[in-house]
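K.L.:
Quick one: this structure, given as structure tokens, is what I'll be asking you about.
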């Protein structure tokens, strides 16, 4: 089970950082293309598992019985949530988005406490350590980005006539 969780976290990290390889794509395009590719991969894996007897396709009545839950899982949890995630990654950057993602277990923990769960001391210490690490990591990245940048020289007009008239001539030099 732990290997499955590590694989899921690594897969999500590669997916998140993969978006930066396509900066010209919108979040909607990246979400759509990766969702289509993922769906095709899952259908292929399911077909192989069905053909080898590892699983069997559900009956139509079973699918109808869970249609509302399935619709929620597909439309809200998969499509809208991943689109929102990709939009956030595009706005925040992958590093800050990864920091944000680490708050998910803390938020889940807080919701469970509000629902009546009584945490033990070690759980509270773990949540505190997680929050402290996230704040520290965020502060470190903020101070690095707030550091004075090196001076950028002013752009200079191109006065080389062949470069202005015939840019191919410059490439050929």
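Numbering (the numbering used here), first residue to last: 42 to 214. Built from N, CA and C at the ideal position, the CB exists for glycine as well.
Can you name, in chain order, every residue of its own chain whose Cβ lies under 8 Å from the Cβ of residue 120, other than the five neighbours on each side?
P.N.:
Contacts found: 72, 76.
K.L.:
Report yes if the CB atom of residue 67 is closer than 8 Å to the CB atom of residue 135, and no otherwise.
P.N.:
Against a cut-off of 8 Å, the Cβ pair of residue 135 and residue 67 comes out as no contact.
K.L.:
Cα separation between residue 147 and residue 105?
P.N.:
Those two C-alpha atoms are separated by around 35 Å.
K.L.:
Between the segment 77-87 and the segment 166-183, are three or more C-beta pairs nearer than 8 Å?
P.N.:
These segments do not touch.
K.L.:
Grouping DSSP H, G and I as helix and E and B as strand, with all else coil, what is residue 161?
P.N.:
DSSP places residue 161 in coil when its eight states are reduced to three.
K.L.:
Please classify residue 126 as buried or exposed, where buried requires at least 16 other C-beta atoms within 10 Å of its C-beta.
P.N.:
Classification of residue 126: buried, given that the 10 Å Cβ count is 16 or more.
K.L.:
Taking the C-alpha atoms as reference points, what is the distance between residue 102 and residue 171?
P.N.:
Taking the straight line joining both Cα atoms gives about 44 Å.
K.L.:
Once the 5 residues before and after residue 111 are set aside, which same chain residues still bring their CB inside 8 Å of it?
P.N.:
Answer for residue 111: 104, listed in chain order.
K.L.:
Which runs of the alpha helix (DSSP H) fall wholly inside the segment 91-154 and span at least 4 residues, in chain order?
P.N.:
Complete alpha helix (DSSP H) runs here, min 4: 101-106, 108-112, 122-133, 135-142.
K.L.:
Apart from the five residues just before and just after residue 138, which ones in its own chain have a Cβ nearer than 7 Å to its Cβ?
P.N.:
Cβ within range, chain order: 57, 129, 130.
K.L.:
Report the option in 142, 180, 173 whose CA atom is closest to the CA atom of residue 51.
P.N.:
Nearest C-alpha to residue 51: 142.
K.L.:
How long is the line joining the alpha carbons of residue 173 and residue 163, rounded to whole angstroms?
P.N.:
Approximately 15 Å, taken between the alpha carbons.
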